[in-house]
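Peer 1: Dumping the structure here so I can ask a few things about it.
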């Protein structure tokens, strides 16, 4: 199953980008053994529209253009459902095992997500009830993707 990570906003050079890249590289190397492939990292500029609703709508439109046809869409939003790492790995594994070819994980912009995009998503997840900067969300989800691969493969990286 091909995984795309979509993010509104670009990471600038620095420790956040290096750490996110480290986990995405680990995922890309370990994923094929369990049928998961890092398809791409799609970054778009934040909308410069004059109001939040228009910015969210424009960012959702850019996501829709990037979304492969028939792909599972997982949105990351503070109002989403919380999963532990094992449940997240299980979710990805079930989509893979059910023959889904593409999955996109999407990090919205600073204004949040367009309501129509939320309604279209297969699942909306959060990374805790606190609000996180987008740079840290990128690191957290990259690490959780790598952790999911280690859980699915029985690797000892994930310990309870």
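Numbering (the numbering used here), first residue to last: 26 to 185. Glycine residues also receive a C-beta, built at the ideal position from the N, C-alpha and C atoms.
(1) Pair every Cβ in the stretch 101-109 with every Cβ in the stretch 58-69, then say whether three or more of these pairs are closer than 8 Å.
(2) Where do the N-terminal and C-terminal ends of the alpha helix (DSSP H) with residue 59 fall, by residue?
(3) If you follow the alpha helix (DSSP H) that residue 91 is part of, which residue opens it and which one closes it?
(4) Give the DSSP-derived three-state secondary structure of residue 118 in the structure shown.
(5) Is it the case that the Cβ atoms of residue 34 and residue 71 are separated by a distance below 8 Å?
(6) What three-state label does DSSP hand residue 138 in the structure shown?
(7) In whole angstroms, what is the alpha-carbon distance linking residue 94 and residue 45?
(8) Is it true that the CB of residue 127 sits closer than 8 Å to the CB of residue 173?
(9) Between residue 31 and residue 114, is the Cβ-Cβ spacing less than 8 Å?
(10) Compute the beta-carbon to beta-carbon distance between residue 110 and residue 176, rounded to the nearest angstrom, for a pair I have assumed lies under 8 Å.
(11) Residues bridged to residue 176 by DSSP?
(12) Alpha carbons only, please: which of 86, 53, 41, 61 is nearest the one belonging to residue 134?
(13) Expressed to the nearest angstrom, what Euclidean distance is found between the alpha-carbon atoms of residue 157 and residue 90?
(14) Quick check on the DSSP output: the beta strand (DSSP E) that includes residue 42 runs from which residue to which?
Peer 2: In short, the structure shows the following:
(1) Under the three-pair Cβ rule at 8 Å, the stretch 101-109 does not count as touching the stretch 58-69.
(2) It is not in any alpha helix (DSSP H) - residue 59 carries neither H nor E in the DSSP assignment.
(3) Looking at the DSSP string, the run of the alpha helix (DSSP H) that includes residue 91 is 77-91.
(4) Looking at residue 118 - three-state DSSP - the assignment turns out to be helix.
(5) Going by C-beta atoms, residue 34 is nearer than 8 Å to residue 71.
(6) Correct three-state label for residue 138: coil.
(7) Each residue's CA atom was taken as its position, placing residue 94 and residue 45 some 26 Å apart.
(8) Going by C-beta atoms, residue 173 is not nearer than 8 Å to residue 127.
(9) Result no, Cβ atoms of residue 31 and residue 114 do not sit closer than 8 Å.
(10) Correct: roughly 7 Å between the Cβ atoms.
(11) None, per the DSSP bridge assignment.
(12) Nearest option by C-alpha distance: 86.
(13) The C-alpha of residue 157 lies about 26 Å from the C-alpha of residue 90.
(14) Per DSSP, residue 42 belongs to no beta strand (DSSP E); it is in the alpha helix (DSSP H), 40-55.
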